[in-house]
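Read through the structure below, which is laid out as structure tokens, and then see the notes.
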Amino acid sequence: MATASSLDSVAEIEDLLTCSICSETLSEPRSLHCFHNFCKECLGKYVERLRGPDKDIETFPCPTCRSEFTLKSNQNVADLASNYFIKNMLEIMAIQRQAKAARCSSCQETAVNRCMTCEMFMCEKCSNYHSIWPVMKDHDVLSVEELSNPQSQVKMRSKLYCVKHKDKILEYYCETCKELSCIHCMVLNHIKQNHSCVSVEEIAQKQREILQGSCTTLDEKVSAGRQALNAVDEVMKSLEANAKNAKDKINAQKDKILTSITEKLEVQAKKLSQDVDNVYGELYGELTKQHGEIKDYLDKVQGSVSLPRNLLKRGSIEEIVSSQKVIDENIEKLENEQPENLAPINDGGVQYITRNIENINYGDIVDKLGNINLAEQLADDLRPSGDLELSSILKGEIAFIQQLQKWLGEKCKWNLCYRASRDGWSANDFHRHCDNKGPTVVLVKANINCIFGGYTDQNWG
Numbered sequence: 032m033a034t035a036s037s038l039d040s041v042a043e044i045e046d047l048l049t050c051s052i053c054s055e056t057l058s059e060p061r062s063l064h065c066f067h068n069f070c071k072e073c074l075g076k077y078v079e080r081l082r083g084p085d086k087d088i089e090t091f092p093c094p095t096c097r098s099e100f101t102l103k104s105n106q107n108v109a110d111l112a113s114n115y116f117i118k119n120m121l122e123i124m125a126i127q128r129q130a131k132a133a134r135c136s137s138c139q140e141t142a143v144n145r146c147m148t149c150e151m152f153m154c155e156k157c158s159n160y161h162s163i164w165p166v167m168k169d170h171d172v173l174s175v176e177e178l179s180n181p182q183s184q185v186k187m188r189s190k191l192y193c194v195k196h197k198d199k200i201l202e203y204y205c206e207t208c209k210e211l212s213c214i215h216c217m218v219l220n221h222i223k224q225n226h227s228c229v230s231v232e233e234i235a236q237k238q239r240e241i242l243q244g245s246c247t248t249l250d251e252k253v254s255a256g257r258q259a260l261n262a263v264d265e266v267m268k269s270l271e272a273n274a275k276n277a278k279d280k281i282n283a284q285k286d287k288i289l290t291s292i293t294e295k296l297e298v299q300a301k302k303l304s305q306d307v308d309n310v311y312g313e314l315y316g317e318l319t320k321q322h323g324e325i326k327d328y329l330d331k332v333q334g335s336v337s338l339p340r341n342l343l344k345r346g347s348i349e350e351i352v353s354s355q356k357v358i359d360e361n362i363e364k365l366e367n368e369q370p371e372n373l374a375p376i377n378d379g380g381v382q383y384i385t386r387n388i389e390n391i392n393y394g395d396i397v398d399k400l401g402n403i404n405l406a407e408q409l410a411d412d413l414r415p416s417g418d419l420e421l422s423s424i425l426k427g428e429i430a431f432i433q434q435l436q437k438w439l440g441e442k443c444k445w446n447l448c449y450r451a452s453r454d455g456w457s458a459n460d461f462h463r464h465c466d467n468k469g470p471t472v473v474l475v476k477a478n479i480n481c482i483f484g485g486y487t488d489q490n491w492g
């Protein structure tokens, strides 16, 4: 009985061998650096459609992930590389399909075995003759039933032959050029250039370890991308709740003073609600943009994992070696494309600050309704009629608040350099952002209506 894991593996292979343009099994596959594969004809039509009459276009987006690939004006899709692993997997699929109704390659009787070395199907009688010959004793022979077993795929691999020397196997690896080579090419093109060349068998374990490291790196990037995406999702939910909470408090405060004023309060309440919407829209727009960037990045990383993982599970060493250079290049490209900041760009902080309505002065009743603040503004937008009057240190002494606000405003330009919920809660995080920044004001929010802190004219650090 097929397990869930084996079914997932089969589905993953089928997806890997399906052209995302025509949704059919790949035909003459061509591979891009982002590990996506397409039929040569499908990708060719795609490139020609984008080029149009302007043949000078040399950069194209991948049809799947939009990563860019390059084709010079004198090149076409046929010049793109084919991935050995993909080609072999397609050949294995073809053999497995043929095996269901295969005939002996020699006498046309019903086939019971296939010699993977001779690349021939054999009936029972021909199989017996085949096994008698000493020269064929080391051949890999699989039964028709074994051909459908995933565990047999390693034995079903075809040898890789040199493009220039058709009868020579690619059994050497040039560490200088990072490419497979036959014996002739190695002697003629690599050894003479003093390149470092080794046999595929010698480098097999090292390359598998490198590929394992590549898979680990990509898995870590997938995990980090998912965590970042989840964090942004949570902040977006928090932003929604905070904006709603702010509007609710605006209306609650409005109800407390409706007996004193009607029209002006209504106008101001609507204005403040619009302010909330504006703040919400700004923050939501930032988060939506970041969400999209991280999502695109995560999609690229996830799209890059499948081929290395399948290479590691099912690939021959030749396939692994031939793919490592493009895997390394893609990981480096992903490093460069990783968003600068995976932490949420803001924490959705929308606050509604109420005003004291005792001894109402109708002249400033509208102003008493309050104002909308971004959490980031607390440090650089200290208003004597707003945040500072809520300070437990200043205790609501208006004259002192105005004096301090005037002094701060005249002496310095204040900028927010550190916020714990955004930049981290540890002492190291604080000093990394605040050291050698000059005089600082530190504010701590104790609850929704209270902040406290202090001022120092010395550098931290």
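With the numbering used here applied, the sequence shown corresponds to residues 32 to 492, in that order.
For each residue, glycine too, the CB sits at the ideal point set by N, CA and C.
Remember, it's a predicted structure, so these values are computed and weren't measured experimentally.
With DSSP run on the structure shown, which of helix, strand or coil describes residue i?
i    : result
E59  : coil
P339 : helix
Y449 : coil
M153 : strand
N68  : strand
D87  : coil
A33  : Note that A33 scores 43 on pLDDT, short of 50, meaning its location in the model is unreliable and no value can be drawn from it.
C216 : helix
Q355 : helix
Q321 : helix
C228 : strand
I126 : helix
C73  : helix
E99  : strand
P470 : coil
P92  : strand
By Cβ distance below 8 Å, which residues in the same chain neighbour residue i in space, the five residues on each side in sequence not counted?
i    : result
I222 : C228
L318 : V263, V266, M267, L270, P375, I376, N377 and G379
H215 : C193, K195, H196 and K199
K468 : C448, N490 and W491
A451 : D460 and F461
M217 : Y203, C205 and C228
S51  : H67, F69, P94 and T95
R128 : none
L121 : L48, T56, L57 and P60
Identify, in the order they occur along the chain, each residue of the same chain with its Cβ nearer than 6 Å to the Cβ of residue i, setting aside the five sequence neighbours on each side.
i    : result
I234 : Y204
G334 : C96
S136 : M151 and F152
R414 : Annotation note: pLDDT 41 at R414 (below 50); position unreliable, no value reported.
A277 : V307, V381 and Y383
L343 : L242 and C246
Q408 : The predicted model places Q408 with a pLDDT of 41, which falls under 50 and marks its position as unreliable; any figure quoted below should be read in that light. Cβ neighbours of Q408 beyond the five flanking positions: none.
S416 : Confidence at S416 is low in this model, with a pLDDT of 40, below 50, so its placement is unreliable and no value can be given for it.
Pick out whichever of the options has its Cα sitting closest to the Cα of residue i.
i    : options                   : result
P60  : T90, P84 and I117         : I117
I358 : I241, M147, N107 and F91  : I241
Y311 : L342, K275 and K280       : K275
C146 : C157, Q139 and E140       : C157
D279 : S354, K331, Q382 and H161 : Q382
K295 : K399, Q106 and V352       : K399
C213 : S230, N68, L303 and A132  : S230
Q291 : C138, K190, I388 and I52  : Just to set this straight, residue 291 is Ser in the shown sequence, not Gln. Selected option, being the one with the closest Cα: I388.
N107 : S98, F91 and Y115         : F91
S104 : D87, N114, K168 and Y115  : D87
R386 : E140, N273 and K287       : K287
K273 : Q299, Q236 and L314       : Note that residue 273 corresponds to Asn in the displayed sequence, not to Lys. Checking every option, the nearest Cα to that of N273 belongs to L314.
If residue i sits next to residue j, beta carbons under 8 Å apart, how far is it from one beta carbon to the other, in whole angstroms?
i    : j    : result
H462 : D454 : With a Cβ gap of about 11 Å, H462 and D454 do not count as contacting.
E79  : S58  : Rounded, the Cβ-Cβ distance is 17 Å, inconsistent with contact.
V336 : I403 : That pair is no contact at about 44 Å.
N68  : E350 : Actually they are not in contact, since the Cβ atoms of N68 and E350 sit about 13 Å apart, beyond 8 Å.
C70  : C53  : 6 Å
L260 : I325 : 5 Å
N114 : S354 : 6 Å
Is the Cβ-Cβ distance between residue i and residue j less than 8 Å?
i    : j    : result
E368 : Y328 : yes
G401 : Q305 : no
L539 : L338 : Residue 539 lies beyond the stretch modelled for the chain, which goes from 32 to 492, so this question has no answer here.
V352 : Q238 : yes
L365 : K209 : no
I126 : N341 : no
I362 : L201 : no
V332 : G244 : no
L191 : L219 : no
C138 : C154 : yes
To which residues of the same chain is residue i closer than 7 Å at the C-beta, ignoring the five residues directly before and after it?
i    : result
L63  : C93 and F100
S174 : V143 and N144
E89  : T101, L102, K103 and S104
G75  : N107 and V108
R82  : I88
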